[in-house]
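Encoded as structure tokens, the structure appears first; notes follow it.
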Amino acid sequence: MLHKTRGIIFRTTDYSESSVIVQIFTEKFGLQSYIINGVKKPRAKIPRNMLQPLHLVDLVVYHKNTGSVQRITELKTSPLLQTIPYDVIKSCIAIFLNEVLYKAVRQQSPDEQLFGFIFNAIEWLDHQTEGLANFHLLFLTQLTRYLGFYPDSVSANTAAYFDMKNGVFSSRKPDNTLYLSAPHTHNFYLLLQGSFTASAQLGLNNSERRYLIDKLLEYYALHIEGFGNIRSHEVLEEVLS
1 MLHKTRGIIF RTTDYSESSV IVQIFTEKFG LQSYIINGVK KPRAKIPRNM LQPLHLVDLV
61 VYHKNTGSVQ RITELKTSPL LQTIPYDVIK SCIAIFLNEV LYKAVRQQSP DEQLFGFIFN
121 AIEWLDHQTE GLANFHLLFL TQLTRYLGFY PDSVSANTAA YFDMKNGVFS SRKPDNTLYL
181 SAPHTHNFYL LLQGSFTASA QLGLNNSERR YLIDKLLEYY ALHIEGFGNI RSHEVLEEVL
241 S
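Going by my numbering, the sequence shown opens with residue 1, and the numbers climb by one from there.
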């Protein structure tokens, strides 16, 4: 049966001489793998350049509830990204976020709120012209809300520490070694309270951004089994510095 759905490209892998398997986070079915034939041919119906990481697409697909590789009958970029593929800073941000999303988002079931958050964040990044240095930090912080380990910030106003293992702010030093202390605790709380539109007002310097992204990735690894190491943020940090 044919279905229409929006999607976000996560990863494209060569399958044969002219075919690829594309992992797409769809609005209607969650994360799915699709085989697309003939993408490398000169007159391909769906050329490979339409399958770049984090491109936003409209799809017509066959879907079976078997967890197997599905098939696509139509794919078009919508909306067409205007700046991310051509702007060095934005493309580095996109590569980094794509690596995180590929490791963090795994559900093969619909999650319209998560899909909407990612879709809208990509659109915002594509249209924004300034204040990009903190975008990836805000994205990762807000993404935890949809992945199930958003920090408990009830005591954040008076807390000196953030316990990464238990995901809570505390006035007492945690028993474990996995925590943030001042002034990083306060800056992390500012990220939780922040928004993309006010990202430039956070006032974080390069050193603090590097520290917080390392800790955020550590926080992700603590709460997502098999998350592993992320490498692309090292390139991003150099571009932003």
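Glycine residues also receive a C-beta, built at the ideal position from the N, C-alpha and C atoms. This one's a predicted model, so the numbers in the text were calculated from it and none came from an experiment.
Does residue i pass the burial test, meaning 16 or more other C-beta atoms within 10 Å, or should it be called exposed?
i, result
"residue 173", "exposed"
"residue 20", "buried"
"residue 212", "buried"
"residue 199", "buried"
"residue 98", "buried"
"residue 42", "exposed"
"residue 2", "exposed"
"residue 7", "buried"
"residue 183", "exposed"
Nearest to residue i by alpha carbon, out of the options?
i, options, result
"residue 224", "35, 56 and 164", "164"
"residue 9", "18, 15, 30 and 1", "30"
"residue 196", "176, 124 and 159", "124"
"residue 82", "126, 220 and 142", "126"
"residue 178", "228, 217, 102 and 158", "217"
"residue 114", "142, 96, 87 and 89", "142"
"residue 136", "155, 61 and 92", "92"
"residue 5", "103, 221, 77 and 228", "77"
"residue 69", "139, 40, 48 and 32", "32"
"residue 117", "48, 40, 151 and 147", "147"
"residue 28", "169, 90 and 61", "61"
"residue 153", "188, 219, 226 and 67", "188"
"residue 237", "205, 228 and 221", "205"
"residue 74", "36, 226, 106 and 194", "36"
At the level of alpha carbons, what is the spacing between residue i and residue j?
i, j, result
"residue 63", "residue 26", "11 angstroms"
"residue 149", "residue 167", "7 angstroms"
"residue 55", "residue 171", "43 angstroms"
"residue 12", "residue 86", "20 angstroms"
"residue 45", "residue 59", "13 angstroms"
"residue 162", "residue 209", "17 angstroms"
"residue 72", "residue 22", "10 angstroms"
"residue 79", "residue 215", "33 angstroms"
"residue 48", "residue 232", "22 angstroms"
Would you list the residues sitting across from residue i in a DSSP beta bridge?
i, result
"residue 62", "2 and 71"
"residue 20", "14 and 36"
"residue 152", "168"
"residue 8", "25 and 56"
"residue 163", "168 and 179"
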